[in-house]
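**Q**
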Amino acid sequence: MRADSYWLPAVLLLCAASGAADEPRVTHLEDGRHERVPLNTVAPAYPSVARRERIEGDVQVCFNVDRGGRPYRIAVRTSTNRVFEKPAIRAIRASRYQPLPEGQPVPAIKTCRTFRFRLESTAGN
Amino acid sequence: MTIARFLPLLMLLAALAAAQTPAGQSGAVAKTVIGPGNADLADGAAALRVGNAEDGVRLTERGLMSATSRRDRVAGYSNLCAGLAMLGRLDEALQACNRALELDDGYWRCYSNRALVYLKQERYPEAERDISMGEQLNPNARTLKTLRAMYRDAVDPVSPSIIIDDRRETAAGDAGR
């Protein structure tokens, strides 16, 4: 019986384990000074590997919003760690803004959103 | 986050750790043969792998009685450690792990098994020491990374938090960096 036949389940198991993260607590900060009004703001998932390794970081993503409120031309502007970039982009892609009424021009200016990924100690809770 | 949350994982990890083979080969890819001459040890490992701890322990104990090579004995005791841990017989599991490490102190899987036992016993300094030993022997082992995470969650639990910052001042400030 060859031991290497046991590797596959181990990999599957560890993948499952790494997905067992808590739902993050989400805080949304706004100043109401953007051209487009958020309609449905999706928070990114905290990457399990970052949580495991106790990594925190920030990602700023800038994008255009079309008339219907869908973000497009999404790009990372600044990032402290690449591990957070994909979840940030996914979150923007899934988010929506209020559609513009007919006749109102679509602003050419990009909208930017910063995601701050933090880990709060719960020791003693 | 408490260790209790990981109990199902602990069981499975133990089984999977058990299903590996002995050492001497502490390298990252331990492709060895589990006791080709010892059917009980091999069957015991297979039983542990599918979570059948009772049969796994029974067969492994039987296999150990006829195990002659050091390699088979190391594997047997390490697997026994994992199986006993699955059954919650932690003190006996610890003894089995210690036996395996007495025979071969370069077997990272056994450090991994023993770390698991220590974590279940909430003996965190000992768990950390064994995880570190395992990491020295095999820095890339995913099992050890999971154990490290379990250890961190036990001694310093954290909860993820995400701040979505739409403030224009922040955006301008960040862009100017």
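Protein chains in written order, with our numbering: chain A, 349 to 473; chain B, 837 to 1013. We put the CB at the ideal spot given by N, CA and C, even for glycine.
1. Are Ala471(A) and Pro975(B) closer than 8 Å when you measure CB to CB?
2. Could you pull the start and end residues of the beta strand (DSSP E) that Val910(B) belongs to?
3. So which residues on chain A does Cys994(B) lean against when the C-beta distance must stay under 8 Å?
4. Is there contact here, the stretch 457 to 464 of chain A with the stretch 973 to 987 of chain B, by at least three beta-carbon pairs under 8 Å?
5. As an exercise, report each continuous alpha helix (DSSP H) stretch of at least 4 residues that is fully enclosed by the stretch 383 to 424 of chain A, in chain order.
6. In whole angstroms, give me the CA-to-CA distance for Leu916(B) and Ser443(A).
7. Using DSSP with H/G/I as helix, E/B as strand and the rest coil, what is Thr979(B)?
8. Residues in its own chain within less than 6 Å of Ser997(B) by CB, not counting five upstream and five downstream?
9. Give every residue of the same chain whose Cβ lies closer than 6 Å to the Cβ of Gly863(B), excluding the five residues on either side of it in the sequence, and list them in chain order.
10. Near Asn874(B), what residues of its chain come up, given a Cβ to Cβ distance below 7 Å and the 5 sequence neighbours on each side ignored?
11. Going by DSSP in three states, Val886(B) sits in which element: helix, strand or coil?
12. In chain order, what residues of the stretch 904 to 916 of chain B put their CB closer than 7 Å to some CB of chain A?
13. Does the CB of Ala951(B) have a neighbour CB from chain A at under 8 Å?
14. Taking the alpha carbon of Thr389(A) as the reference point, which residue from Phe465(A), Arg461(A), Ser469(A) has its own alpha carbon closest?
15. Can you name the residues that DSSP bridges to Leu467(A)?
16. Classify Thr462(A) as helix, strand or coil using the three-state DSSP reduction.
17. Mind checking if Ile1000(B) is an interface residue toward chain A, Cβ cutoff 8 Å exclusive?
18. Any idea what DSSP makes of Gly1012(B), helix, strand or coil?
19. Looking only at its own chain, which residues have a Cβ that is under 6 Å from the Cβ of Ala436(A), when we skip the five neighbours before and after it?
20. Whose C-beta lies closer than 8 Å to the C-beta of Val385(A) among residues of the same chain, with five residues either side of it excluded?
21. Under 8 Å, do Tyr954(B) and Ser914(B) count as touching if we go by C-beta distance?
22. Given Val431(A), which residues of its chain have a CB within under 8 Å of its CB, disregarding the five upstream and five downstream residues?
23. Take the Cβ of Ser948(B) as the centre, count every other Cβ of all protein chains shown within 10 Å, and call the residue buried at 16 or more, exposed below.
24. Within 8 Å of any Cβ in chain A, is that where the Cβ of Ser997(B) sits?
25. Ala985(B) CB to nearest chain A CB: under 8 Å?
26. Report the residue from Leu952(B), Asp940(B), Gln972(B) whose alpha carbon sits nearest the alpha carbon of Leu926(B).
**A** Taking the definition as stated:
1. No, Cβ-Cβ distance for Ala471(A) and Pro975(B) is not below 8 Å.
2. Note, Val910(B): premise wrong, no beta strand (DSSP E); alpha helix (DSSP H) at 906 to 922.
3. Here residue 994(B) is Val; the residue named in the question, Cys, does not match the sequence. Counting only Cβ-Cβ distances below 8 Å, Val994(B) has contacts in chain A at Arg399, Arg402, Leu467, Glu468, Ser469, Thr470, in chain order.
4. Look at the beta carbons and you see the stretch 457 to 464 of chain A not touching the stretch 973 to 987 of chain B: under three pairs across the two are nearer than 8 Å.
5. Those alpha helix (DSSP H) runs which fall completely within the stretch 383 to 424 of chain A and span 4+ residues are 396 to 400.
6. So the two alpha carbons sit approximately 51 Å from each other.
7. Reduced to three states, the DSSP call for Thr979(B) is helix.
8. Within the same chain, Ser997(B) has no close Cβ partners at all.
9. Residue confidence is low: Gly863(B) scores 34 on pLDDT, short of 50, so the model does not pin down where it sits. No coordinate-derived value is stated.
10. Within its own chain, the residues whose Cβ lies closer than 7 Å to the Cβ of Asn874(B), once the five positions on either side in sequence are excluded, are Gly899, Ser902, Ala903, Asp908, listed in chain order.
11. Look at Val886(B) here: in three-state DSSP terms it is coil, with no helix or strand label.
12. From the stretch 904 to 916 of chain B, no residue has a Cβ closer than 7 Å to chain A.
13. So, not an interface residue.
14. For Thr389(A), the nearest C-alpha among the options comes from Arg461(A).
15. Answer is Pro996(B).
16. Strand, per DSSP.
17. Cβ-Cβ to chain A under 8 Å: yes for Ile1000(B).
18. With a pLDDT of 39 at Gly1012(B), under the threshold of 50, the modelled position of that residue is not reliable, and no figure is offered here.
19. Cβ neighbours of Ala436(A) beyond the five flanking positions: Pro392, Val407, Val409, Phe463.
20. Within the same chain, Val385(A) has close Cβ partners Tyr445, Gln446.
21. No, these two residues do not count as a Cβ contact at 8 Å.
22. Taking C-beta separations shorter than 8 Å and ignoring five residues to either side along the sequence, the partners of Val431(A) in its chain run Pro395, Val397, Ala398, Ile403, Gly405, following chain order.
23. Buried, because 16 or more other Cβ atoms sit within 10 Å of the Cβ of Ser948(B).
24. Yes, Ser997(B) counts as interfacial toward chain A.
25. Taking CB atoms only, Ala985(B) has a neighbour in chain A less than 8 Å away.
26. Considering only alpha carbons, the answer is Leu952(B).
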